[in-house]
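K.L.:
Submitted below is the structure of interest, expressed as structure tokens.
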Amino acid sequence: MDSQSISIRGQATDYDHGKPIIMSSSIQVVFFDAADTLFHVHGSVAEIYLHHAVEFGFPQKPDSLVAIKQAFSRAFGEAPPPIFAVTDPTRIKQSERLWWFDIVHHVFYRVGMFERFDEFFDHVFRAFEDHRSWRLFPETVSTLTRLKERNLELGIISNFDSRLFTVLRGLGIAEAFDTITISSVAQAAKPASQIFHLALEKHAIDPEEALHIGDSLREDVEGAKKAGLHTALLDRDGRQKATGVQTIKSLEELFPLLEQFEE
54 MDSQSISIRG QATDYDHGKP IIMSSSIQVV FFDAADTLFH VHGSVAEIYL
104 HHAVEFGFPQ KPDSLVAIKQ AFSRAFGEAP PPIFAVTDPT RIKQSERLWW
154 FDIVHHVFYR VGMFERFDEF FDHVFRAFED HRSWRLFPET VSTLTRLKER
204 NLELGIISNF DSRLFTVLRG LGIAEAFDTI TISSVAQAAK PASQIFHLAL
254 EKHAIDPEEA LHIGDSLRED VEGAKKAGLH TALLDRDGRQ KATGVQTIKS
304 LEELFPLLEQ FEE
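Spelled out as structure tokens, the structure:
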């Protein structure tokens, strides 16, 4: 008798002489990056920095916005990964704050320091924990809803800090996720395989049973692929010019991709 294949909760079961042989063949968990994948800054980081800095006495110039944007890009790019040798939640949050203090201090060291900088930093650090500083992409909620309707587990793997939990709650999407893995708690940051493996362990699945979506070719696609996960690059504006990489322009394009894994 020829082998027959049927689908059981995302697995293919071949029957050979009456004995089932289980073979994993579909996605069980979909992981997402957070910022610039599910949601984005309302305006820009530079605009928010400038707006609040002026409130605390920063002497704005005609080129201040461009200067802050360039300085932030450089400072953020030069910063070490947000990994800290602490496990206590309070100390983790202190370490996250110091990590960001160094970045923002470098920004205004380059564009112009001002007397009330420390007060400004406290204010702007809290501002990015406020969900009103962020906006969901138009298709985020509908995509998460459709994925949950398919009985897929959902997770976040992000280099964001602990403020992410507050942001997700404020945006109304926290309940959609079964797990949230952030670098400061995982003691590993994307693209390192360790943070992906930790996320997989939370779901008790193998890497090939997971799909990771993110907007960074290096951190999301290359990192997840090295860890053994399936990947897709979210390239909304088509600027990344990635070759040999599964690319989508919207989260809605996940669904045709998932269908491929079920064939």
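Mind the numbering: the sequence shown is residues 54 to 316 in the numbering used here, read in order.
Even glycine gets a Cβ: it sits at the ideal position worked out from N, Cα and C.
(1) With DSSP run on the structure shown, which of helix, strand or coil describes I226?
(2) For E254, count neighbouring C-beta atoms within 10 Å of its own C-beta (all shown protein chains included) and say buried if the count is 16 or more, exposed if not.
(3) Do I226 and F197 have their beta-carbon atoms positioned less than 8 angstroms apart in this structure?
(4) What separation, rounded to the nearest whole angstrom, lies between the Cα atoms of I136 and V238?
(5) Among residues of its own chain, excluding the 5 on either side of A132, which ones have a beta-carbon nearer than 6 angstroms to its beta-carbon?
(6) Helix, strand or coil for I121 per DSSP?
(7) Among D214, I210, T219, which has the Cα closest to the Cα of L251?
(8) Rounded to a whole number of angstroms, what is the C-alpha to C-alpha distance between P134 and Q81?
(9) Which residues bound the beta strand (DSSP E) around R188?
(10) Using the beta-carbon count (16 or more within 10 Å), is A263 buried or exposed?
(11) Give me the Cβ distance between G267 and F249, rounded to the nearest whole Å; I'm assuming they're in contact under 8 angstroms.
(12) Are there 16 or more other CB atoms within 10 angstroms of the CB of K114, so buried, or fewer, so exposed?
(13) Is the beta carbon of D183 closer than 8 angstroms to that of G208?
(14) Unbroken alpha helix (DSSP H) runs of length 4 or more, entirely within the segment 144-209: which are they?
(15) Do the segment 101-117 and the segment 139-147 meet, that is, are 3 or more Cβ pairs less than 8 angstroms apart?
(16) Give the secondary structure of I136 by DSSP, where H, G and I count as helix, E and B as strand, and everything else as coil.
(17) Between K122, S269, L221, which has its C-alpha nearest D290's C-alpha?
(18) Considering only DSSP beta bridges, list what F109 is partnered with.
(19) Which residue from A128, H265, G281 puts its Cα closest to that of A87?
(20) Within its chain, find whatever has a CB closer than 7 angstroms to the CB of H70; leave out the 5 residues flanking it on each side and keep chain order.
(21) Bridge partners for H256 per DSSP, in chain order?
(22) Do you know how far the Cα of G165 is from the Cα of A229?
(23) Between K243 and D273, is the Cβ-Cβ spacing less than 8 angstroms?
(24) Starting from G267 and walking both ways along the beta strand (DSSP E), at which residues does that stretch end?
P.N.:
Taking the definition as stated:
(1) Here residue 226 refers to the residue found at position 173 of the sequence shown. Correct three-state label for I226: coil.
(2) For the purposes of this step, residue 254 is taken as the residue at position 201 of the sequence shown. Exposed, because fewer than 16 other Cβ atoms sit within 10 Å of the Cβ of E254.
(3) The sequence position of residue 197 within the sequence shown is 144, counting from 1. The sequence position of residue 226 within the sequence shown is 173, counting from 1. Note on residue identity: the sequence assigns Leu, not Phe, to residue 197. In this structure, L197 lies near I226, with their beta-carbon atoms less than 8 angstroms apart.
(4) Counted from its first residue, the sequence shown places residue 136 at position 83. Counted from its first residue, the sequence shown places residue 238 at position 185. Cα to Cα, I136 sits roughly 8 angstroms from V238.
(5) Here the question's residue 132 lines up with position 79 in the sequence shown. Excluding residues up to 5 positions away in sequence, I156 lie with their Cβ nearer than 6 angstroms to the Cβ of A132 in the same chain.
(6) To locate residue 121, count along the sequence shown from 1; it is residue 68. In the three-state reduction of the DSSP assignment, I121 falls in the helix class, which pools H, G and I.
(7) Residue numbering aside, residue 251 sits at position 198 when the sequence shown is read from its first letter. Looking at the Cα atoms, I210 is the closest of the given residues.
(8) Start at 1 with the first residue of the sequence shown, and residue 134 comes out as number 81. Start at 1 with the first residue of the sequence shown, and residue 81 comes out as number 28. Their Cα atoms are separated by approximately 29 angstroms.
(9) Within the sequence shown, numbered from 1, the residue matching residue 188 stands at position 135. Residues 187-189.
(10) Here residue 263 corresponds to residue number 210 of the sequence shown, with the count starting at 1. Counting other Cβ atoms within 10 Å of its Cβ, A263 reaches 16 or more and is therefore classed as buried.
(11) Taking the sequence shown and counting its residues from 1, the one referred to as residue 267 is at position 214. Taking the sequence shown and counting its residues from 1, the one referred to as residue 249 is at position 196. Your pair G267 and F249 does not check out as a contact, with CB atoms roughly 11 angstroms apart and the cut at 8 angstroms.
(12) Looking up residue 114 in the sequence shown gives position 61. The residue in question, K114, is exposed, as its Cβ has fewer than 16 Cβ neighbours within 10 Å.
(13) Taking the sequence shown and counting its residues from 1, one reaches residue 208 at position 155. Taking the sequence shown and counting its residues from 1, one reaches residue 183 at position 130. No.
(14) Listed in chain order, the complete alpha helix (DSSP H) runs (minimum 4 residues) inside the segment 144-209 are 170-180, 193-202.
(15) Taking 8 angstroms as the limit for Cβ pairs, the verdict is that the segment 139-147 does not touch the segment 101-117.
(16) In the sequence shown, counting from the first residue as 1, residue 136 sits at position 83. Residue state, collapsed to three classes: coil.
(17) As a first step, residue 290 must be located in the sequence shown, where it is residue number 237. Nearest C-alpha to D290: S269.
(18) Here residue 109 refers to the residue found at position 56 of the sequence shown. DSSP, once it has assigned bridges, lists no residue as partnering F109.
(19) Translated into the one-based positions of the sequence shown, residue 87 becomes position 34. Considering only alpha carbons, the answer is H265.
(20) If you number the sequence shown from 1, residue 70 lands on position 17. With a pLDDT of 39 at H70, under the threshold of 50, the modelled position of that residue is not reliable, and no figure is offered here.
(21) Counted from its first residue, the sequence shown places residue 256 at position 203. BP columns for H256 are empty, so no partner.
(22) If you number the sequence shown from 1, residue 229 lands on position 176. If you number the sequence shown from 1, residue 165 lands on position 112. The C-alpha of A229 lies about 42 angstroms from the C-alpha of G165.
(23) Indexing the sequence shown from 1 puts residue 243 at position 190. Indexing the sequence shown from 1 puts residue 273 at position 220. K243 places its beta carbon less than 8 angstroms from that of D273.
(24) Taking the first residue of the sequence shown as 1, we reach residue 267 at position 214. It spans 263-267 - the beta strand (DSSP E) in which G267 sits, taken as one unbroken run.
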